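2 protein chains.
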Amino acid sequence: MLRGLTPAMPGGGAPGRPRPGLIPADPEGRRLVAKFFRALGDPTRLALLEFCASGERQGTECVRHVQLSQGRVATHLACLVTCGLLTVRREGRSALYSIRDPRELELLRLSQALVAEQAEEIASCTRVATSPG
Amino acid sequence: MLRGLTPAMPGGGAPGRPRPGLIPADPEGRRLVAKFFRALGDPTRLALLEFCASGERQGTECVRHVQLSQGRVATHLACLVTCGLLTVRREGRSALYSIRDPRELELLRLSQALVAEQAEEIASCTRVATSPG
DNA sequence: TGATATCATCCGCATATCCGAATAAGTGAT
DNA sequence: ATCACTTATTCGGATATGCGGATGATATCA
Chain A
1 MLRGLTPAMP GGGAPGRPRP GLIPADPEGR RLVAKFFRAL GDPTRLALLE FCASGERQGT
61 ECVRHVQLSQ GRVATHLACL VTCGLLTVRR EGRSALYSIR DPRELELLRL SQALVAEQAE
121 EIASCTRVAT SPG
Chain B
1 MLRGLTPAMP GGGAPGRPRP GLIPADPEGR RLVAKFFRAL GDPTRLALLE FCASGERQGT
61 ECVRHVQLSQ GRVATHLACL VTCGLLTVRR EGRSALYSIR DPRELELLRL SQALVAEQAE
121 EIASCTRVAT SPG
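Heads up: the sequence lines are chains A and B, in that order. Residue numbers for the first sequence, in the numbering used here: 1 to 133. Residue numbers for the second sequence, in the numbering used here: 1 to 133.
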């Protein structure tokens, strides 16, 4: 088991301010949460996630749905599985993907709501460091 | 106003399956949500977000907190602002950052819970395409 | 005006990420 | 065994992202 993955609120924080303790205080834990968000930070993976939200989906179905190369889609799906967003079940030569935890849908709904409120700002964000959007 | 940012559930979907409509169906909207998640997909920005969660924070405070160059931190903060996660208030020569919407905290809590359950899997994820972790 | 404090932007560089194409690996049917 | 079908992995190349350091811009104060 990996250590320090609880949000944790050690005694020695910033003086005079409460620590919300939403996110792990240790760099390792934060890196993990960041990785999780990066897994959600690709339009294709979001499309796959939503595609699987309506029921178990086969790999080939996914390839047809997102219209990318089979290899690329397989990698995206593997990423979603190892990041805990999808589960995979093998049956014969096919792989069947589905949402791992229904709370993911809540997460997506909430994010969508926040994004919708700030859509134009976000669209204008050149992100960190200068780079074409 | 940008178009097509509602989750939307157009009539012509996949046959025989309900469409959850969690995420915008159009590529533009999905790209926006993905961008939002990428903004959350950096450990430093997560640290800054949590830092500002306990109250208004000045830019210089943030620099001291995350221990990166001032320029880098300014860029991270700007990214968080334009992605709708922080708001900034100017006062004299200082910039004061705070959380824009309390629902962000719920988002972080929920994500943290999901990550904690799959920590080892996520840690082992080489992410998409081969790349050192 | 000149010095200092604070924040924003630009530069070059290193790494991460995404992509298609090719190829490997496993399953099932003939 | 051989072939077809599905999934997984590797490769080279293009773009995105993060970093420090230098520089620019603005506000405050002597």
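Here a beta-carbon is modelled for each residue, glycine too, at the ideal position from N, C-alpha and C. It should be emphasised that the depicted structure is a prediction, and the values quoted were computed from it without experimental measurement.
Quick check on DSSP: helix, strand or coil for residue i?
i, result
"A:T87", "strand"
"A:Q112", "helix"
"B:Q58", "strand"
"A:L68", "coil"
"B:I23", "coil"
"B:L40", "coil"
"A:S131", "For A:S131, the predicted structure reports a pLDDT of 40, less than 50, and the residue's modelled location is therefore unreliable. A value from the coordinates is still provided. Correct three-state label for A:S131: coil."
"A:E104", "helix"
Which same chain residues, not among the five before or five after residue i, have their C-beta less than 8 Å away from its C-beta?
i, result
"B:L77", "L48, G59, C62, L86, V88, A95 and Y97"
"B:I23", "P7, G29, R30 and V33"
"A:L105", "A53 and I99"
"A:G12", "Any answer about A:G12 is weak, because its pLDDT of 38 lies below 50 and its placement is not dependable; what the coordinates show is given next. Cβ within range, chain order: n/a, list empty."
"A:A14", "Legend: pLDDT at A:A14 = 46, less than 50; position of this residue unreliable, value from coordinates given subsequently. Excluding residues within five positions, none has a Cβ falling inside 8 Å."
"A:R82", "Per the sequence presented here, residue 82 of chain A reads as Thr, with Arg not at that position. Hits under 8 Å: none found."
"B:D42", "H76"
"A:G55", "S98"
Going along chain B in order, which residues have a C-beta closer than 9 Å to the C-beta of residue i?
i, result
"A:S98", "Chain B residues near A:S98: none, gap ~12 Å exceeds 9 Å."
For residue i, I'd like the list of residues in its chain whose CB is within less than 7 Å of its CB, leaving aside the five on either flank, ordered along the chain.
i, result
"B:L176", "Missing from the structure shown is residue 176 of chain B; chain B here goes from 1 to 133 and no further."
"A:F51", "R57, C62 and H65"
Contact defined as beta carbons within less than 8 Å: I believe residue i pairs with residue j. What is the distance between those atoms, to the nearest angstrom?
i, j, result
"A:I122", "B:F36", "6 Å"
"B:L114", "A:G84", "6 Å"
"B:R127", "A:C79", "6 Å"
"A:L107", "B:L107", "7 Å"
"A:R72", "B:R38", "18 Å between Cβ atoms; not a contact."
Looking only at its chain, what residues have a beta carbon closer than 6 Å to the beta carbon of residue i, apart from the 5 residues adjacent to it on each side?
i, result
"B:Q70", "V63"
"A:T44", "V66 and H76"
I want to verify the contact list: residues of chain B whose CB lies under 7 Å from the CB of residue i, in sequence order.
i, result
"A:G41", "A34, F37, R38 and G41"
"A:C62", "Residues of chain B passing the Cβ test: none, with the nearest at roughly 11 Å."
"A:S94", "Near A:S94 there are no residues of chain B at all, since even the closest Cβ is about 17 Å away, more than 7 Å."
For residue i, return the contacting residues in chain A, with the cut-off set at a CB-CB distance below 9 Å.
i, result
"B:A30", "The sequence given here places Arg at residue 30 of chain B; Ala does not occur at that position. In chain order: P43, T44, L46, A47 and E50."
For residue i, go through chain B and note every residue whose CB falls closer than 8 Å to its CB, in chain order.
i, result
"A:L68", "Result: empty, since nearest Cβ-Cβ is about 12 Å, beyond 8 Å."
Strictly below 8 Å CB to CB, what residues from chain A border residue i?
i, result
"B:R89", "The contacting residues do not exist; B:R89 stays about 16 Å from chain A at best."
| request: Can you give me, in chain order, the residues of the stretch 70-85 of chain A that have a beta carbon less than 9 Å from any beta carbon in chain B? | output: Those residues of the stretch 70-85 of chain A that come within reach of chain B (Cβ to Cβ, closer than 9 Å) are R72, T75, H76, A78, C79, V81, T82, C83, G84 and L85.
| If you measure beta-carbon to beta-carbon, which residues of the stretch 99-115 of chain B are closer than 9 Å to chain A? | Flagged, chain order: R100, D101, R103, E104, L105, E106, L107, L108, R109, L110, S111, Q112, A113, L114 and V115.
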